[in-house]
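Same order as they appear, the protein sequences are chains A and B. Yeah, the first sequence ends on 354 if you go by the numbering used here, and it's all consecutive. Yeah, the second sequence ends on 1272 if you go by the numbering used here, and it's all consecutive. Right, one structure below, let's go through it.
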Amino acid sequence: MTLTQAEPMHAAPRDRRATARQAHMWLGLLLIGVCAVSLESGASGVSLLGLITGSAEDETLARIILWEVRLPRLAMGALVGAALAVSGAVMQGLFRNPLADPGIVGVSAGAGLGAITAIVLGGLLPPAIHSLIGIYTVPLAAFLGGWASVLLLYGVATRGGRTSVATMLLAGIALGALAGAVSGLLVYAANDQQLRDLTFWGLGSLAGATWSKLATAAPIILLALLAATALGRGLNGLALGEATALHLGIPVQRTKTLAILTVAGATGAAVAVSGGIGFVGIVVPHLLRLATGPDHGPLLINSALLGASLLLGADMIARLVLAPAELPIGIVTAVLGAPVFLWILLRRRGMVDL
Amino acid sequence: MTLRAERIDVTLDRAPVVAGVDFSAHPGQVTAIVGPNGSGKTTLLRALTGEIAASGRITLAGIEVGPRRAAALAARRGVLPQATRLAFPFTVAEVVRLGHLAGPHAHRPDIPAAALARVGLRDKAGCAYQELSGGEQQRAQLARVLAQVWEPRGPHGANWLFLDEPVSNLDIGQQLAVMRLAQGFARGGGGVVAVMHDLNLTAMVADRVALLQEGRMAARGRPAEVFTSATLSRAYHCDLRVSTPPPDSVPYLLPQAADAREQTAAYDREEQ
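Below you can see the structure in the form of structure tokens.
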């Protein structure tokens, strides 16, 4: 039984699933390529190739630069990029809105407040707790700050599973302002050593990457990325609305809780080690949705791969444009990302119900 | 096998919307829920699908209906809401596949295309859902629901369709086609529960009717039993005349325009 009289047999639906899966491979290759180029390039002119072929002038120095400077920075860039892009994709699925991004709606600011609090007031923790969480104090505090922010935002902007875009963006502004103000107060309370830590942290840069710093963030980020791979089906269901997701057999409450924890973990850990790097979370998922469709299964994996490549690329620009000085990477991502954000807004103008 | 609901109360924003309703539906039948605007039709359907909390006991084939049994229910029941707005630019085929993957026939790749063909949207499979007209979106969602349950009967017995005003955006030909599809599903042994607005269409396709009035069950039974001039005129607060013309004696109702004019005049007098 059919409802229409004429049914032309044209155009088998273009299947974006295959494209999205192929993209895993292409983006994986891209990431490997970017890693190789990134490892080769730097202010010192040291080259991995040179080290391997034995043509390096000072082998010890080359080894130190590669092993202690470029490699941890590379790993951190890849992890932070993946974390930010996946945070964006998960948050957009959770809020059912392609404009949701941890940087734009104040989650990064909340995580930053957590990090600053830990740096300035971490010394007041009872020694027992301090020795227990040790180096993880800052990332954990950032995670808690991010978590509180997402919960608050979700509570304010979402009602009955529907998010008001205007409320979300405005609540994000308020959240960002509040976090900024409290952070400012804490800076006043900081002593000299803490101020140095804060400045270093606040640069929003991968420049401070060390293996030990990486060790504090990597487990949280990897855990969050792993959790994200379990969210594909649930977020697809939520795209149809909470009620329909339920009727599709999706554990809605569990999906939402896991999504919030994932965003808080990935954003918190990324912010804790690299400060506020914006726009990766909005640009990457958006471009991928245009290319391979909105199915969250492949989207989340592709976001991690492209996010890592994008941030490493931005880091290379940041290192090389003014070499031997370097730009804060947040400036590079903002220059690349802000126009894309405006472009998304333009395309959706008239479709967004504010 | 049956859907049973006993003494259902639903309170939304502290106001009782459905009160003390007993409801049952059986496989092999189309059960329609009708009633005036605001009588609680959609609320009752949402309670019956476990979407909103209700006091009382609701079971579908012995399964307690509610969020905790979402997966078990999804294997044997599809739910069509009044309208669905999508957050992201999925194509029509992708929307249908979301339903298909949630059902027990996910291993049969032919179903999504067949479901779209059933609702007459085969040539729209590759289109963006958001660019479809309201009627096309409604049919695309129906295809998603069909792709989820697909067979009227599954390994555990009857499958179910819950439809909230499935023809509200459709022209008369499409309305008939969709209701025939629902009827066919019921004839195949499945259960269909549908909230309906058009009483004549309901009389034509429903096997059982539940008439709600201000959140309470005003009448239940076969259309010929429920659709009487007296019952309907009382429920809808206007003068309706029901006749049962041959050849099939399906109740057919006509609003009485003259009385409606009088009634309007009466309301005007009251307001003054």
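C-beta atoms are modelled at their ideal positions from N, C-alpha and C, and glycine is treated no differently.
Neighbourhood of residue i by C-beta distance below 7 Å, restricted to the same chain and skipping five residues each side
i, result
"Phe341/A", "Phe279, Ile282"
"Met1217/B", "Val1021, Asp1022, Ala1210"
"Gly313/A", "Val34"
"Leu288/A", "Leu299, Asn302, Ser303, Leu306"
"Gln92/A", "Pro98, Ala100, Pro285"
"Ile133/A", "Leu140"
"Leu1060/B", "Leu1003, Leu1073, Arg1077, Trp1160"
"Leu1181/B", "Arg1118"
"Ala338/A", "Phe279"
"Gly180/A", "Ala109"
Contact set between residue i and chain A, taken where Cβ atoms lie within less than 8 Å
i, result
"Glu1064/B", "Within chain A, no residue comes near Glu1064/B; the closest Cβ sits about 14 Å away, beyond 8 Å."
"Gly1099/B", "Leu248"
"Leu1073/B", "His247, Gly249"
"Thr1084/B", "Leu240, Gly241, Thr244"
"Val1079/B", "Ala243, Thr244, His247"
7 Å Cβ cut-off: residues of chain B touching residue i
i, result
"Asp295/A", "Glu1094"
"Arg96/A", "Ala1087"
Beta-carbon contacts of residue i that lie in its chain and below 8 Å, excluding the five residues immediately before and after
i, result
"Leu248/A", "Gly237, Leu240"
"Ala215/A", "Ile135"
"Ser1168/B", "Gln1082, Gln1138, His1197"
Cross-strand partners of residue i (DSSP beta bridge)
i, result
"Asp1164/B", "Val1195/B"
"Asp1009/B", "Ser1055/B"
"Ser1243/B", "Tyr1252/B"
"Gln1174/B", "Note: Gln1174/B sits in no beta bridge, so no partner."
"Pro1016/B", "Thr1011/B"
"Thr1023/B", "In the sequence under discussion, the amino acid at residue 1023/B is Phe, which differs from the Thr named in the question. Its beta-bridge partners are Ala1005/B."
"Thr1031/B", "Val1193/B, Arg1208/B"
"Ala100/A", "Beta-bridge pairing links Ala100/A to no other residue."
"Glu1131/B", "Looking at the DSSP assignment, Glu1131/B forms no beta bridge with any residue, so it has no partner."
"Arg1097/B", "In DSSP, Arg1097/B forms no bridge with anything."
"Glu1064/B", "Thr1059/B"
"Thr216/A", "In DSSP, Thr216/A forms no bridge with anything."
"Arg1220/B", "Ala1210/B"
"Leu1080/B", "Leu1163/B"
Sequence-distant residues of the same chain with beta carbon closer than 6 Å to residue i, five excluded per side
i, result
"Val1065/B", "Gly1050, Ile1058"
"Arg1144/B", "Val1095, Val1096, Gly1099"
"Val263/A", "Ser87, Val90, Met91, Val150"
"Arg1208/B", "Gln1029, Thr1031"
Exposure of residue i, with buried meaning 16 or more beta-carbon neighbours within 10 Å
i, result
"Arg1014/B", "exposed"
"Leu322/A", "exposed"
"Tyr1236/B", "buried"
"His296/A", "buried"
"Gln193/A", "exposed"
"Glu1225/B", "exposed"
"Leu290/A", "exposed"
"Ser274/A", "buried"
"Val252/A", "buried"
"Pro1245/B", "exposed"
"Val1030/B", "buried"
"Gln22/A", "exposed"
"Leu169/A", "buried"
"Thr229/A", "exposed"
"Glu1131/B", "exposed"
"Arg1222/B", "exposed"
"Leu29/A", "exposed"
"Asp1164/B", "buried"
"Glu59/A", "exposed"
Nearest candidate by alpha-carbon position, reference residue i, set the options
i, options, result
"Ala217/A", "Leu140/A, Ile277/A, Gly176/A", "Leu140/A"
"Leu1048/B", "Ser1024/B, Val1034/B, Gln1029/B, Ala1071/B", "Ser1024/B"
"His1197/B", "Val1149/B, Val1017/B, Val1034/B", "Val1034/B"
"Val80/A", "Ile317/A, Ile277/A, Gly172/A", "Ile277/A"
"Ala1087/B", "Leu113/A, Pro294/A, Arg254/A, Arg347/A", "Pro294/A"
"Leu1080/B", "Gln1138/B, Leu1116/B, Asn1169/B, Ala1230/B", "Gln1138/B"
"Ala1102/B", "Asp58/A, Ser149/A, Gly234/A, Gly28/A", "Gly234/A"
"Gly1157/B", "Leu1212/B, Leu1132/B, Pro1104/B, Ala1206/B", "Pro1104/B"
"Ile221/A", "Leu84/A, Ile52/A, Trp201/A, Leu30/A", "Leu84/A"
"Val187/A", "Ile329/A, Leu327/A, Val120/A, Val46/A", "Val120/A"
"Ala78/A", "Ile129/A, Ala157/A, Leu310/A, Thr167/A", "Leu310/A"
"Leu31/A", "Gly330/A, Val332/A, Ala308/A, Leu336/A", "Ala308/A"
"Val271/A", "Thr60/A, Arg70/A, Ser108/A", "Ser108/A"
Amino acids of chain B, ordered along the chain, whose beta-carbon sits closer than 8 Å to that of residue i
i, result
"Arg289/A", "Phe1088, Pro1089"
"Gly237/A", "Leu1098, Ala1102"
Per-residue contacts from residue i into chain A (C-beta, under 7 Å)
i, result
"Ala1102/B", "Leu248, Gly249"
Within chain A, partners of residue i - CB distance below 9 Å
i, result
"Val1149/B", "None at all; the shortest Cβ gap to chain A is about 11 Å."
**Asked** For the region 1037-1069 of chain B, which residues have a beta carbon sitting closer than 8 Å to at least one beta carbon of chain E?
**Response** No chain E appears in this structure, whose protein chains are A and B.
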